[in-house]
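*Asks:*
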Amino acid sequence: MRERGGKMGKILALNVLFSVLLLSQNMMAWTDYEAVSIIAYTRLTSRDSVEQGVLVLVNEAVFAYFNSTQKTFLLRPSATAGFSVLEASERMYCVSEVTNAFPRQKDYLDRLIKQTNRAKPPKLSPSGNVYSHVPAMEASPNYLYCYATGFYPGDIEISFLLNGRPFLGPTESSDLVYGQDWTFRVFKYISILPHPGEEYACLVNHSSIAQPKITYWRPEVSKTTGASVLLTAVVAVVAVATGGTLGCFISLLIWRRLIVQAK
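Note that our numbering has the sequence shown beginning at 3, numbered continuously upward.
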């Protein structure tokens, strides 16, 4: 009974821990979550090496992962807190529960490889999509995303070009996520200041394709953007200042004049 009660207490402590992590004000806001999943996996990489890990997903986004070198869990985006809120004995219990599952998974993987004569799933090429965070405005800060989906296995390289040359700025990446169909998805993004005439490109390289897939993106900056912004401000001021039919009439005249000037 004492041993059973001790295990129940540790499981309860683990549940409380996740509640604390999800509601912590020092972390990202995870209060609006729909699903929390804990996934322990053992997989055979494209280089025939075995990789094992554990992920904690909140709304399909990685919240924490198991660091096999440090033998503990690390939180994202802050990878410093770990499981420090637990006592040492409770942390050891959590780690042992994870590590004890790995030999079983490795045994299952070895059996599967033997029974299938090392047959591997077919490789699936990625689909790429490039888009900006907000509609492009000349010299206005923006983010450019390259989103690759539906590929297998998970080894993939994504890079950016600017006017045919490698983009020299920093590149940020999401976590590699896989779905129920076993295909992977990931995106990378860069910070840009778009100008008319520029050409950005996203290069996606994967083991399923002989040549990188290239997707181009050109900023479509409207020449009437400035006039449109000025029009909105002027119409709002006139409508408030004059009101009623007279305000609408004056706004219409200003709108026609701005359109003529923009042309």
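Positions of the beta carbon are idealized from the N, C-alpha and C atoms, including for glycine. Computed from a prediction, not measured in an experiment: that's the story for all the values here.
In whole angstroms, what is the alpha-carbon distance linking L146 and Q213?
*Replies:* If you take the alpha carbons of L146 and Q213, they lie about 23 Å apart.
*Asks:* By Cβ distance, which residues of its chain are closer than 8 Å to E200, with the 5 residues on each side in sequence left out?
*Replies:* Excluding residues within five positions, the ones whose Cβ falls inside 8 Å are L164, N165, R220, P221.
*Asks:* At what residue ranges does the stretch 144–207 contain a whole run of the beta strand (DSSP E), taking only runs of 3 or more?
*Replies:* Runs of the beta strand (DSSP E) inside the stretch 144–207: 144–153, 158–164, 186–194.
*Asks:* Return helix, strand or coil for I41, following the three-state DSSP convention.
*Replies:* Strand, per DSSP.
*Asks:* Report the CB separation of T151 from P128 in whole angstroms; it is logged as a contact under 8 Å.
*Replies:* Correct: roughly 7 Å between the Cβ atoms.
*Asks:* Can you name, in chain order, every residue of its own chain whose Cβ lies under 6 Å from the Cβ of H135, other than the five neighbours on each side?
*Replies:* N144, Y145.
*Asks:* Which residue from G55, T71, Y191 puts its Cα closest to that of C204?
*Replies:* That would be Y191, whose Cα lies nearest to the Cα of C204.
*Asks:* Enumerate in chain order the residues of its own chain whose CB-to-CB distance from T47 is below 6 Å, with the five nearest sequence positions on each side excluded.
*Replies:* E53, listed in sequence order.
*Asks:* Using C-beta distances below 7 Å, list every residue in its chain close to Y154, excluding the 5 sequence neighbours before and after it, in chain order.
*Replies:* Same-chain partners within the cutoff: P123, K125, L126, W184, T185, F186.
*Asks:* Which residues does DSSP list as the beta-bridge partners of G132?
*Replies:* According to the sequence shown, residue 132 is Val rather than Gly. For V132, which the question treats as bridged, DSSP gives the partners C148.
*Asks:* Just reading off the beta strand (DSSP E) that I216 is part of, what are its end residues?
*Replies:* Element bounds for I216: 215–219.
*Asks:* Less than 6 Å between C-beta atoms, sequence neighbours within five positions excluded: which residues of the same chain meet that for K215?
*Replies:* Here the set comprises G130, V206.
*Asks:* Which residues in the same chain have their Cβ closer than 8 Å to the Cβ of G55, if we skip the five residues on either side of it in sequence?
*Replies:* Contacts found: A42, Y43, Y67, F68, S70.
*Asks:* Please state whether the Cβ-Cβ distance between V188 and L195 is less than 8 Å.
*Replies:* No.
*Asks:* Compare the Cα-Cα distances from S209 to each of T173, A141, I160, K108 and report the closest residue.
*Replies:* Nearest C-alpha to S209: I160.
*Asks:* Should G156 be labelled buried (16 or more other beta-carbon atoms within 10 Å of its own) or exposed?
*Replies:* The residue in question, G156, is buried, as its Cβ has 16 or more Cβ neighbours within 10 Å.
*Asks:* In this structure, does DSSP put A103 in helix, strand or coil?
*Replies:* Looking at A103 - three-state DSSP - the assignment turns out to be helix.
*Asks:* Please name the residue in S142, M139, Y133 whose C-alpha comes closest to that of Y149.
*Replies:* The shortest Cα separation from Y149 among S142, M139, Y133 belongs to Y133.
*Asks:* Tell me the rounded alpha-carbon separation between S176 and Q117.
*Replies:* Rounded to the nearest angstrom, the two C-alpha atoms are 35 Å apart.
*Asks:* Measure the C-alpha to C-alpha separation of V231 and D50 and round it to an integer number of angstroms.
*Replies:* Annotation note: pLDDT 44 at V231 (below 50); position unreliable, no value reported.
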